[in-house]
Amino acid sequence: MTSTTTTPSTTSTTPDAALTDRTAALVARLRAAFATGRTRPLAWRQEQLTRLRALFTENREAIADALHSDLHKPRPEAYGAEVDLPVHEIDHTLAHLAQWLEPQRLDQASLAGLPEGSTAGTQYEPLGTVLVIAPWNYPVQLSLVPVAGALAAGNTVVLKPSELAPATSELMARLVPEYLDPAAVAVVEGGIPETTALLAERFDHIFYTGNGTVGRIVMRAAAEHLTPVTLELGGKSPVFVDRDADVATVAARLADAKFRNAGQTCVAPDYVLTDPGTARALAGALAEAVERLFGADPQSSPAYGRMVNERHFDRVSALLDSGTTVFGGRTDRGDVYIAPTVLTGVTADDPVMAEEIFGPVLPIVEVADLDEAIAFINDRDKPLALYGFTENETTRHRLATETSSGGLGFGLPMAHLRVSDLPFGGVGESGMGSYHGPHSIAAFSHRRARLDVPLSTGK
C-alpha cells in the first residue's frame, strides 16, 4: 500500500475499527522499512531529494492548478512560494547534506583526564518513522519541505495533507508515490478521523503546522508515546514602523507581505505599531501600494487570492467592525472574497486584536514611542515573527534584545523564510522547534554522543 486515501467522515470525528487497523498496518509497514536500513545511506537520501525536486519541476502547472482550485492562488504566487522556494530548499540541502551529516569531533582540550588517543564527538542518526501534518494555506510547500527534511535525515515518513485543500491533497496523494520510494513514504488523505487514527500510533517525531488549538491536541497525543514534536504555529506578528522610515517603501513592502495569499500566511504582518503622524501617512501610502498590486478592484485581479472557505470568511469578516476602515472593507461571501483592508483607530481591546487575523485585514495601532511599542508587544503572546522598519541601529538593538519572537526581520517582512540556513520556527505560543536547511536535519535526527577510548593505553 503506497497511499491511504479515505473520505472524511461527515458523522463522526472518531476513527472506526477498520480505519484504525489500516492506519496501524501502514505505520508498521513504514517501521519495518526503516528497520531494514534502506533509508540510512547518503545515496538513498540524495536520490529521494532529487526525485522530490523532479516532482516540483515536472508538475508546476498541475500544482498551480490545484492551488487555484483550493485557494484561488495566483499562478506567480503558486510558482514562487509552492514550487521555486521548495526547489531552492532541496537544492541547498543536496549541496550541503554530506557536510551536515559529517560527525563532529570535540577539541582535545575537552578530553582532559581521559587516556591519550581518546576521541569524542557527535553524529546524527535518523529517528525512525516521522509524521508530518500539513496545513491548508501553503499546502504544497508546508507539506513537502518538512518531508524533504525528514528524508534528508534518513527517516520514513507519513504525510497527512490538509482536507481543507482537497485538490492539492489529492494531487500529492497521486504524485508522491510516483516520485518517492513507496516503501518509505506514504500519504494519508482524509479529515479528523484519519488524523486521530494517526495520532494514536507511535511515531518517532511528529511535525505539525497549524493553529495552537490543534497543536495542543498533537502534543497531548505525542506525550502518550513520549514522541518529540515540532510545532509550527502562528500568532499576531507585529510590525514597528519608526518615524525615520520611508513611508512609501514601507507601504510597498508591507502590502506585498500582508496581502499575499489573501493574508493567509503564518508569518504575515498582523498589525502595525507606529506613532500617530506616521500612521496617517502610512495609511494613505498603503492604499496606493494596494492599488499598484491589485488595481482599483482587487476582486477582479488575477493577482489576488480568496479566503479558503466560508468559515474563515465569516471569522475574518467579523473583525471589520474594529476601528475605522481607511480603505477596503468590501466582502462577497459567495466568492469568499475580502478586499485588502486597512483599519486605523484600533485599540488593544478591539476584536481584531484578540487573535491572529489570518486574513487580508491590517490594523494600525498608534503608540507614542518605541517604549510603548515594546511594552505592547511584550504584553502579548510571543509571536512567530516580529518586523521593524527603521534606520536607527539603537531601535533595532532594542527590538532585538527587549522582545521575543520566533524570527526577527528588518526592512523586508517574511524574507527570512528565504534564507535556508536560518532556523524557522516559533517560541512559546507560536510553536517549538525549527527547520529549514541544517535545522531540518537537527529536527528529524538524534544527535548521538560518541566517545572512543583506546584499549591499549599503556596504563
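Under the UniProt record's numbering, think of the first position of the sequence shown as 1, with each following residue one higher.
Glycine residues also receive a C-beta, built at the ideal position from the N, C-alpha and C atoms.
Rounded Cβ spacing between residue i and residue j (contact assumed at less than 8 Å)
i    : j    : result
P413 : Y387 : 5 Å
R243 : D275 : 6 Å
G437 : D421 : 5 Å
S162 : P135 : 5 Å
S405 : V427 : 7 Å
Y79  : A64  : 6 Å
Q48  : L114 : No, Q48 and L114 are not in contact; Cβ-Cβ is about 39 Å, not under 8 Å.
D256 : L293 : 7 Å
A120 : L451 : 5 Å
I206 : V218 : 6 Å
L233 : N211 : 7 Å
L142 : T209 : 5 Å
S69  : A173 : At roughly 15 Å, the Cβ-Cβ gap does not stay under 8 Å, so S69 and A173 are not in contact.
A248 : K258 : Wrong, their Cβ atoms sit about 16 Å apart, outside the cutoff.
I374 : E402 : 5 Å
E393 : K236 : Their Cβ separation, rounded to whole angstroms, is 26 Å, which puts E393 and K236 out of contact at 8 Å.
S322 : D350 : 4 Å
Reference residue i; option with closest CA among the options
i    : options                : result
L370 : P146, R396, A186, L151 : R396
D270 : V352, A152, L144       : V352
A339 : D244, G359, F203, G345 : G359
L319 : T347, L55, G305, W100  : T347
L238 : R450, P423, G409       : Correcting the residue identity first, residue 238 is Pro in this sequence and not Leu. The residue with the shortest Cα to Cα distance from P238 is G409.
P139 : H416, V250, G128, L71  : L71
E102 : A303, E429, V187, P41  : P41
T148 : F444, G305, N137       : First, the residue type needs correcting, since residue 148 is Ala and not Thr in the sequence shown. Among F444, G305, N137, the Cα nearest to that of A148 belongs to F444.
Q104 : Q123, L97, E116        : Q123
Within 8 Å, strictly: CB atoms of residue i and residue j
i           : j    : result
E125        : H446 : yes
T52         : L131 : The question names Thr, but residue 52 is Leu in the sequence shown. No, they are not a contact pair.
T278        : V326 : no
A43         : I441 : no
T227        : F203 : yes
L55         : L175 : yes
V145        : P86  : yes
residue 462 : A28  : Because the chain spans 1 through 459 in this model, residue 462 falls outside it and cannot be assessed.
F389        : G407 : no
T344        : T324 : yes
V336        : N378 : no
K160        : I133 : yes
V365        : L273 : yes
A251        : A285 : yes
G128        : R45  : no
T13         : T196 : yes
Collapsed DSSP secondary structure at residue i in the structure displayed
i    : result
Y304 : coil
E366 : strand
F294 : helix
E125 : strand
I217 : helix
K160 : strand
Q104 : strand
L455 : coil
G431 : strand
G37  : coil
I63  : helix
D244 : coil
T14  : coil
G263 : helix
A287 : helix
I338 : strand
F410 : strand
D332 : strand
T5   : Low local confidence applies: a pLDDT of 38 at T5 is under 50, so the model's placement there is unreliable, with the coordinate-based value given in what follows. Looking at T5 - three-state DSSP - the assignment turns out to be coil, as it is neither helix nor strand.
R280 : helix
K258 : helix
D349 : coil
D381 : coil
W44  : helix
L19  : helix
V83  : helix
L171 : helix
G192 : Residue identity check: residue 192 is Ile in the sequence provided, not Gly. Of the three classes helix, strand and coil, the one that applies to I192 here is helix, per DSSP.
A317 : Per the sequence shown, the amino acid found at residue 317 is Ser instead of Ala. Looking at S317 - three-state DSSP - the assignment turns out to be helix.
I374 : helix
E77  : helix
Cross-strand partners of residue i (DSSP beta bridge)
i    : result
Y179 : Its beta-bridge partners do not exist; DSSP assigns none.
S445 : P126
V239 : V272, Y387
I206 : L131, V229
G425 : S434
L343 : T325, P363
V185 : V157
T119 : D452
Residue i at chain B interface by Cβ criterion, 8 Å
i   : result
E82 : No chain B is present in this structure, which holds just one protein chain.
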